[in-house]
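The structure appears right after this line, and notes come after that.
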Amino acid sequence: MITGSFLIEWAIRSSVLIGSGAVLLWLLRVKDPSIRLAACIAVVCGSLAMPLFTAALPKLPVAIPQAPVAARLDRIPQREAFVSRVTTKPAPASGVAAQRIDWSGALAGLYVVVASLLLFRLGMGLLLARRLRLRSRATELTAGGTEVRESPQVASPVTVGLARPVILLPADWREWGPAKLDAVLAHERSHVRRRDPAVQFLSALHRALLWHSPLSWVLHRNVVRLAEDVSDDAAVAVTRDRTSYAEMLLEFMQSGVRVNWHGAAMARYGSADARIHRVLNSTLLSTGVPRGAAALICLLAVPLAYVAAAAMPSRTVRAVSNTSIAAGAMAAVAPEQATASSSRVGHGRSEGALRRYVIVLGDTQSGSWDSSEPASPENLRSRFGNRFAWFRQSGGEYVITDEGVLHEIEQAMEPQKKVNAEQEKVNRLQSAVNELQGKMNGRQNEVNAVQDKVNAQQAVVNAAQATVNRRQDLLNRIHDAGSRESNEAAVKKVEALLKELRATPGASSQEEVNRQQAKVNEEQGRVNELQGKVNAEQGHVNEEQHKVNAEQGKVNVMQARVSAEFNARIQEIFDSAIRRGLTKTGR
Numbered sequence: 001m002i003t004g005s006f007l008i009e010w011a012i013r014s015s016v017l018i019g020s021g022a023v024l025l026w027l028l029r030v031k032d033p034s035i036r037l038a039a040c041i042a043v044v045c046g047s048l049a050m051p052l053f054t055a056a057l058p059k060l061p062v063a064i065p066q067a068p069v070a071a072r073l074d075r076i077p078q079r080e081a082f083v084s085r086v087t088t089k090p091a092p093a094s095g096v097a098a099q100r101i102d103w104s105g106a107l108a109g110l111y112v113v114v115a116s117l118l119l120f121r122l123g124m125g126l127l128l129a130r131r132l133r134l135r136s137r138a139t140e141l142t143a144g145g146t147e148v149r150e151s152p153q154v155a156s157p158v159t160v161g162l163a164r165p166v167i168l169l170p171a172d173w174r175e176w177g178p179a180k181l182d183a184v185l186a187h188e189r190s191h192v193r194r195r196d197p198a199v200q201f202l203s204a205l206h207r208a209l210l211w212h213s214p215l216s217w218v219l220h221r222n223v224v225r226l227a228e229d230v231s232d233d234a235a236v237a238v239t240r241d242r243t244s245y246a247e248m249l250l251e252f253m254q255s256g257v258r259v260n261w262h263g264a265a266m267a268r269y270g271s272a273d274a275r276i277h278r279v280l281n282s283t284l285l286s287t288g289v290p291r292g293a294a295a296l297i298c299l300l301a302v303p304l305a306y307v308a309a310a311a312m313p314s315r316t317v318r319a320v321s322n323t324s325i326a327a328g329a330m331a332a333v334a335p336e337q338a339t340a341s342s343s344r345v346g347h348g349r350s351e352g353a354l355r356r357y358v359i360v361l362g363d364t365q366s367g368s369w370d371s372s373e374p375a376s377p378e379n380l381r382s383r384f385g386n387r388f389a390w391f392r393q394s395g396g397e398y399v400i401t402d403e404g405v406l407h408e409i410e411q412a413m414e415p416q417k418k419v420n421a422e423q424e425k426v427n428r429l430q431s432a433v434n435e436l437q438g439k440m441n442g443r444q445n446e447v448n449a450v451q452d453k454v455n456a457q458q459a460v461v462n463a464a465q466a467t468v469n470r471r472q473d474l475l476n477r478i479h480d481a482g483s484r485e486s487n488e489a490a491v492k493k494v495e496a497l498l499k500e501l502r503a504t505p506g507a508s509s510q511e512e513v514n515r516q517q518a519k520v521n522e523e524q525g526r527v528n529e530l531q532g533k534v535n536a537e538q539g540h541v542n543e544e545q546h547k548v549n550a551e552q553g554k555v556n557v558m559q560a561r562v563s564a565e566f567n568a569r570i571q572e573i574f575d576s577a578i579r580r581g582l583t584k585t586g587r
């Protein structure tokens, strides 16, 4: 039976295991993402098995000191303790106990509802992944023995399947170059080798069962991110071109994920800036988990899981002499006050999430703000002048006018100026291509006008040909009627045909129509020649546009890297200004 105490105990023991694993990785200075991923997987499995371990393993007593007031109350008679602590009638005590039982049941019910929703979502993801696989089409590709299929429902490569993974590619994969296709297949093969869809399913199951533990969400996010990091290293090891691979990743991540299926998607990651920054600047390529590292992880995971699962707190009584019951009561209240104070300190530190900021340096301004908010650049200029930095962080608003800090911000913005210069070059190239395209559009309009004239001439020839055909048909029918045996019906039919022939407008002969058609064909040939020249020139314009697109892609990669570095640096500058007391209130 699920109870509130069981859920809380499971969450606490799981958090101890997750925290111990994180501290161990930090102490050992482990940077290789494959080793960190293996450690996370071991923690997920250990946490899922925690209830079984708790029930089966022998208990490991852990001494926890008890508050002095408890020892003092044990020394005095029960009646005196009751009178000293409670001066009113004891009836409400039973009501409080009953209320606690109700709250425990309510919490258990809430847990079941939320866990059921998350498990339903996980099951629907598996169902959608299976449907996606069944509706996909086979390709002629293979990736290390793994089946490769294509689907118009995916915008980026993905590996799906728990027992027998397959690789799904977008429908336009045949338009990719060989280098891009090799990188994608190397990335997805890495997912298949580690069985990442199954691993991420276990991690998502762990998160659904322990949704009330924040560390379970952090752990799942790390499992997904580290799996992509290891696969990125596998792709870079094949291509050896970090810039092209980063550009490809940015394209896939911008396309996003079209459906909410369960699988290892190449576009599914946390921060795009952080991923691009790692691909471009990382000097370490993960080569997998060495056997020694795997053995060490297992060797260290077993005692950690045992301690987290088997630890059973046992209270020890600390003697208190010559202490009044009132002093004991104060000591019992003190820990709650200390906890509240600690919580306030934690929420009041300067480091926090940077949501909004505005940097104004003379005529230039940059930042992230909502135009509907009062803290717009125009309003802030009226309050703080033309050189300041305003930001909102940890629930407070701050402004910096210190020239030293503003100079640091200007230095942090220097790389962005280089990106802007490169973007201006690309814009000039694009303008030139746009001018060429405008000329091509004018040439095409001229060809279209000539084609319209030829079409009108062809319509005249077609009408003349139709008239000639009609007259010829009447003559043939008159000839057939006259050649038959003469009778009254045949005579009447010939007279009717002659009347219809006389009513048919006169037209050129077939020879004249043929001459007109030859002229139209000659004009059409000249139009086709003009269209061929326009198509050749349009091909040249397309090549120039492709070059501009390639340069724009490089600028996009550079922008992603610079943005990530600038965001990290500006956060450091703001935090440092707060610690040094160089900020003012921004409200």
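So in UniProt numbering, the last one in the sequence shown is 587, and the numbering has no gaps at all.
Heads up, the beta-carbon is just placed ideally off N, CA and C, and yes, glycines get one too.
This structure is a prediction, so every number in the text was calculated from the model and none was measured.
Secondary structure at T467: helix, using DSSP grouped into helix, strand and coil. With three or more CB-CB distances shorter than 8 Å, the region 568-583 counts as touching the region 394-414. Residue pairing by DSSP places R137 opposite E150 in a beta bridge. The C-beta distance from E408 to V555 rounds to 26 Å, too long to fall under 8 Å, and the pair is not in contact. Each of S136, A49, L219 was checked against the Cα of L37, and the nearest Cα belongs to L219.
Beta-carbon to beta-carbon, S156 and F252 are separated by about 4 Å, close enough to satisfy the 8 Å threshold. V166 sits close to T146, with the two beta carbons spaced by under 8 Å. For P33, no beta strand (DSSP E) run applies; the uninterrupted alpha helix (DSSP H) run containing it begins and ends at 33-48, by DSSP.
Secondary structure at A163: coil, using DSSP grouped into helix, strand and coil.
DSSP places T583 in the coil class of the three-state scheme, outside both helix and strand. Inter-residue distance for I8 and I41 is about 22 Å (C-alpha atoms, whole angstroms).
Residue state for T401 is assigned as coil, using DSSP reduced to three classes. Between the region 182-193 and the region 203-211, the count of C-beta pairs closer than 8 Å stays below three; the two stretches do not touch. Y245 and R130 have their C-alpha atoms roughly 29 Å apart. C-alpha of Q365 to C-alpha of M413: approximately 11 Å in a straight line. Linking Q538 to Q430 through their CA atoms gives a straight-line distance of about 15 Å.
The C-alpha of E410 lies about 30 Å from the C-alpha of V548.
Per the C-alpha coordinates, the member of R193, A227, L215 positioned closest to P33 is A227.
Where W211 is concerned, there is no enclosing beta strand (DSSP E), because DSSP gives it neither an H nor an E. Comparing C-alpha distances from V520 to each of V43, G19, Q458 shows the shortest one belongs to Q458. Nearest in C-alpha terms to A108, of all of W211, L169, R471, H479, is W211.
In this structure, the beta-carbon distance from V230 to Q200 does not fall below 8 Å. Looking only at L168, R29, N514, L380, the smallest Cα-Cα distance to V461 is reached by N514. For S366, the enclosing beta strand (DSSP E) stretches over residues 364-368.
DSSP places W176 in the coil class of the three-state scheme, outside both helix and strand.
Separation of the CB atoms of E544 and V426 is rounded to 12 Å, and the pair is thereby denied contact status at 8 Å. A residue is called buried once 16 or more other Cβ atoms fall within 10 Å of its Cβ, and F120, having fewer, is exposed. V23 and A39 have their alpha carbons spaced roughly 12 Å apart. Each residue's CA atom was taken as its position, placing N441 and N386 some 46 Å apart.
In this structure, DSSP gives P157 a state outside helix and strand, which the three-state scheme calls coil. Cβ contact annotation for V541 (same chain, cutoff 6 Å, sequence separation greater than five): L436, Q437, M440, in chain order. In chain order, V148 place their CB closer than 7 Å to the CB of L141, counting only its own chain and leaving out the 5 sequence neighbours on each side. When the Cα atoms are used, V154 and G161 turn out to be separated by approximately 15 Å. In this structure, the CA atom of N469 is about 39 Å from the CA atom of R443.
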